[in-house]
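Notes for the one structure printed next.
In UniProt numbering, the protein residues as written are 1 to 109.
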């Protein structure tokens with residue numbers, strides 16, 4: 001499946017319109033060491049959970065989205081269903097990330 005890069009607020013707004021699926025948003029920064037460490041694991045999770053949609057956003061490139069979401073540390077992962085935030089994981093914690101995905105996937109997935 002892969003992780004899609006969002007380069008603008010309109011890109012994020014469009015991604016958020018996707019209903020009936022779990023959206024995983026990775027808020028990262030290019031200078032963030034833990035972000036680089038967890039990135040390959042996020043790609044693996046996107047392959048393991050193809051019914052979820054994975055996106056990433058560089059908080060320095062798209063600060064309006066980072067501010068809207070209230071990002072305070074990187075990486076921060078947000079989980080959305082039907083446009084609503086349902087979970088959040090702060091830090092490079094692969095186990096917590098996978099647990100949040102499993103808890104929030106649509107039950108028929």
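Ideal Cβ placement from N, Cα and C applies to all residues, glycine included. These figures come from a predicted structure and were not determined experimentally.
Item                                                                         : Value
Contact with chain B by residue 65, beta-carbon distance below 8 Å           : Absence of chain B from the displayed structure is noted, only one protein chain being present.
Nearest residue (CA-CA) to residue 38, options 69, 104, 93, 98               : 93
Terminal residues of the alpha helix (DSSP H) in which residue 64 lies       : 63 to 69
Per-residue DSSP class, three states only, for residue 102                   : helix
Where the beta strand (DSSP E) through residue 52 begins and ends            : No beta strand (DSSP E) contains residue 52, which DSSP labels as neither H nor E.
Residues sharing a beta bridge with residue 88, DSSP                         : 78
Of the listed residues 24, 19, 14, 32, nearest to residue 47 (C-alpha basis) : 24
Collapsed DSSP secondary structure at residue 58 in the structure displayed  : strand
Short Cβ contact (8 Å threshold) for residue 62 with residue 19              : no
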